[in-house]
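> According to this note's numbering, the sequence shown is numbered sequentially starting from 1452.
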Amino acid sequence: MTERSGPSGEVSPAVAWGLLAAFAVHDLEELATMPGWAAAQVERLRARHPDVPEQVWSALRVTPAHTATAIGLMGLVVGAAAAEGARTGGRSPFFQTVVAGFGLHAASHVAQSAALRRYTPGVVTAPLIVAPYAAWAWRASRRAGVLREVDARGALTSALAFPLAIAGVHAAAFGIGRLARARRGWRQATGRTATLPAPPGGG
């Protein structure tokens, strides 16, 4: 990646929109692998702990629809940060916080995979796409003179922002999934009621 900035004192829009592009590539890997990987982990744990109620394992399953919903919601957050970065020439605290959190997110992927000693969703693109993009954006912001000085509180905010956002979108995706299932159940119930034959009349 080439460190090019726009007019003096701001980064190129490519740096800002690169955040969304890097996120898209990274999360395509997660979208393709997360449901199958999560199902395998549930089955592995289920075999080790046969006394755990089935409801627990059902709650831990991650469907393709859930994964797509969570990634879509997170994409809205990242897209908003990228747009704000492009609008402000990279000065936006929101943009810089998301970039920093995204970069740290790469380290968490690698650490998780190392701890489990196996592939985890996103671990391929984390060091190949996410970390290089974050480093490039940081260098471009520093070169343009728009990089904010970060104290301990700011560093903690950046470190926690992405994991909290991810937890939030997964919680929202679970909620959306439950509402969708409840709505389907209601439609099926009302459909069955509508097709029941009318009772024979008296007289």
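Quick reminder that beta carbons are idealized off the backbone N, C-alpha and C, glycines included. Small disclaimer: the values here were computed from a predicted structure and weren't measured.
Let's test the definition: count the other Cβ atoms within 10 Å of the Cβ of Gly1536 and tell me whether it reaches 16, buried, or not, exposed.
Label assigned to Gly1536: buried.
> Would the beta-carbon of Phe1553 fall within 9 Å of that of Phe1613?
Yes, the Cβ-Cβ distance between Phe1553 and Phe1613 is below 9 Å.
> Taking one C-beta from the segment 1587-1596 and one from the segment 1494-1508 each time, how about it: are there three or more such pairs within less than 8 Å?
The segment 1587-1596, when compared against the segment 1494-1508, does not touch it at the 8 Å Cβ threshold.
> If you compare alpha carbons, which of Gly1628, Ser1609, Val1466 is closest to Pro1544?
Nearest C-alpha to Pro1544: Ser1609.
> Are there 16 or more other CB atoms within 10 angstroms of the CB of Leu1470, so buried, or fewer, so exposed?
Its Cβ being crowded by 16 or more others within 10 Å, Leu1470 is buried.
> In this structure, how does DSSP classify Val1561 when only helix, strand and coil are distinguished?
It is helical.
> For the structure I just gave you, are there three or more beta carbon pairs, one from the segment 1481-1489 and one from the segment 1518-1525, closer than 8 Å?
As far as the Cβ criterion goes, the segment 1481-1489 touches the segment 1518-1525, which means the pair count is three or higher.
> With Trp1587 and Ala1533 assumed to form a contact (beta carbons below 8 Å), what rounded beta-carbon distance in angstroms separates them?
Between Ala1533 and Trp1587 the Cβ distance is about 14 Å, and since that is not below 8 Å, they are no contact.
> Quick check on the DSSP output: what are the complete beta strand (DSSP E) runs of length 3 or more inside the segment 1556-1621, in order along the chain?
Those beta strand (DSSP E) runs which fall completely within the segment 1556-1621 and span 3+ residues do not exist here.
> Return the CA-CA distance between Arg1635 and His1517, expressed in angstroms with no decimal places.
Arg1635 and His1517: Cα-Cα distance of roughly 16 Å.
> Give me the residue from Arg1599, Ala1633, Pro1504 with the minimum Cα distance to Gly1460.
Per the Cα distances, Arg1599.
> Could you tell me if Gly1540 is buried or exposed, where buried requires 16 or more neighbouring beta carbons within 10 angstroms of its beta carbon?
By the 10 Å Cβ count, Gly1540 comes out buried.
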